Ligand code: BV8
Ligand code: ZN
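Residue numbers (my numbering): 102 to 363.
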């Protein structure tokens with residue numbers, strides 16, 4: 102594994118990117134960090150600094166205190182609404198116009214890839230945009246109006262299912278819950294089929310999502326990660342580009358596919 106900063110992008114990586122028939126971009130919370138959305142393992146800001154995110158992101162936590170967990174997700178949905186895609190999201194959307202086939206697989210529950218112009222994004226861990234009934238699974242529209250931040254920890258009661266009266270939950274895959282079979286199968290198939298996998302802003306700690314780079318490498322693909330720090334994926338990577346996604350990704354695309362000089 103060879104770590105390099107962006108200034109010394111390996112020429113072999115540029116060659117691989119230009120020659121790739123199918124690129125898979127695999128993102129984690131770090132790709133949204135420069136949009137102002139805290140990553141999962143950063144200290145959570147404000148009202149939520151006293152909670153452990155992983156303890157809140159479970160079905161048990163929701164059943165134990167639905168108003169706390171629903172309030173936390175409404176706070177996160179409000180953060181996303183107030184955020185904009187950053188140059189990393191834009192570079193990924195731009196890359197789709199430069200290579201024959203691009204698959205975007207994200208662990209994130211925000212919609213910043215879509216708002217940057219990426220389509221058919223695979224959300225391994227669900228989305229903030231698609232609440233559903235905890236009991237019968239019926240999907241429900243988002244609450245009308247902008248999400249309200251629970252002032253001073255005020256409880257936010259989740260809506261009730263119009264079909265069965267059950268509690269409406271965020272459309273998220275929580276810890277201890279299985280990922281949607283069709284989504285994880287499609288993501289694994291894309292990892293085995295791609296020529297180049299670019300992992301952006303993920304610590305590589307959450308399974309089974311973190312298997313994607315390893316699957317791609319085993320199938321003979323080149324694997325590169327973009328992250329300011331070392332991660333659990335380092336040994337799966339051909340190269341690790343150390344730096345911020347919002348800086349590295351636009352430069353990588355511009356170096357491989359220079360825009361026409363006007
Ligand atoms: C499951 C939704 C079967 C919630 C999330 C082995 C196999 C199977 C399961 C397990 C296993 N081992 C352990 C498990 C259990 C568990 C797990 O993986 N636990 C971990 C903590 C050890 N997995 C599960 O429970 C999964 N379910 O496998 O079902 C099953 C069923 C029953 C019992 C057992 C198994 C479900 C996992 C999905 C959980 N839901 N999200 C929500 O968002 O609220 S995961 C959540 O954490 C996020 O969605 C995200 O995916 C993950 C955080 O990871 P990252 O995205 O990597 O974010 P992180 O903060 O860690 O890192 C950010 C990175 O960005 C850092 O490296 C940082 O350096 C970098 N960065 C920062 N700034 C920048 C940057 N990079 C670039 N540019 C920058 N500017
Ligand atoms: Zn229901």
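The beta-carbon is built from N, C-alpha and C at its ideal position, and this holds for glycine as well.
Because the structure is a prediction, the values reported are computed rather than measured.
Spatially closest choice to residue i from the options, by CA coordinates
{"i": "residue 118", "options": "202, 190, 141", "result": "202"}
{"i": "residue 331", "options": "242, 222, 303", "result": "303"}
{"i": "residue 188", "options": "135, 339, 337", "result": "135"}
{"i": "residue 284", "options": "322, 204, 233", "result": "204"}
{"i": "residue 347", "options": "329, 198, 322", "result": "329"}
{"i": "residue 193", "options": "350, 358, 356", "result": "350"}
{"i": "residue 309", "options": "297, 200, 321, 278", "result": "278"}
{"i": "residue 123", "options": "358, 322, 357", "result": "322"}
{"i": "residue 261", "options": "290, 168, 211, 185", "result": "168"}
{"i": "residue 293", "options": "274, 317, 299", "result": "317"}
{"i": "residue 131", "options": "214, 339, 281", "result": "214"}
{"i": "residue 160", "options": "345, 208, 269", "result": "269"}
{"i": "residue 216", "options": "185, 245, 129", "result": "185"}
{"i": "residue 339", "options": "125, 153, 314, 355", "result": "314"}
{"i": "residue 336", "options": "319, 157, 345, 199", "result": "319"}
{"i": "residue 225", "options": "352, 170, 126, 244", "result": "126"}
{"i": "residue 358", "options": "140, 197, 137, 128", "result": "197"}
{"i": "residue 307", "options": "333, 298, 301", "result": "333"}
{"i": "residue 280", "options": "247, 296, 299, 207", "result": "207"}
{"i": "residue 245", "options": "232, 223, 237", "result": "232"}
According to DSSP, residues forming a beta bridge with residue i
{"i": "residue 269", "result": "234"}
{"i": "residue 228", "result": "272"}
{"i": "residue 298", "result": "125, 324"}
{"i": "residue 261", "result": "268"}
{"i": "residue 304", "result": "Looking at the DSSP assignment, residue 304 forms no beta bridge with any residue, so it has no partner."}
{"i": "residue 279", "result": "None, per the DSSP bridge assignment."}
{"i": "residue 136", "result": "Paired residue(s): none; residue 136 is not in a bridge."}
Burial state of residue i (16 or more Cβ within 10 Å)
{"i": "residue 256", "result": "exposed"}
{"i": "residue 326", "result": "buried"}
{"i": "residue 120", "result": "exposed"}
{"i": "residue 288", "result": "buried"}
{"i": "residue 286", "result": "exposed"}
{"i": "residue 190", "result": "buried"}
{"i": "residue 240", "result": "exposed"}
{"i": "residue 229", "result": "buried"}
{"i": "residue 183", "result": "exposed"}
{"i": "residue 295", "result": "buried"}
For residue i, the first and last residue of its enclosing alpha helix (DSSP H)
{"i": "residue 213", "result": "213 to 217"}
{"i": "residue 178", "result": "167 to 182"}
{"i": "residue 113", "result": "112 to 120"}
{"i": "residue 357", "result": "346 to 357"}
{"i": "residue 191", "result": "188 to 196"}
{"i": "residue 239", "result": "No alpha helix (DSSP H) contains residue 239, which DSSP labels as neither H nor E."}
{"i": "residue 314", "result": "313 to 319"}
{"i": "residue 156", "result": "154 to 157"}
Run of the beta strand (DSSP E) containing residue i, from where it starts to where it stops
{"i": "residue 123", "result": "123 to 128"}
{"i": "residue 325", "result": "323 to 327"}
{"i": "residue 203", "result": "202 to 207"}
{"i": "residue 343", "result": "340 to 343"}
Closer than 6 Å from C-beta to any heavy atom of the ligand ZN: which residues, in chain order? 234, 236, 237, 239, 262, 264, 265, 267
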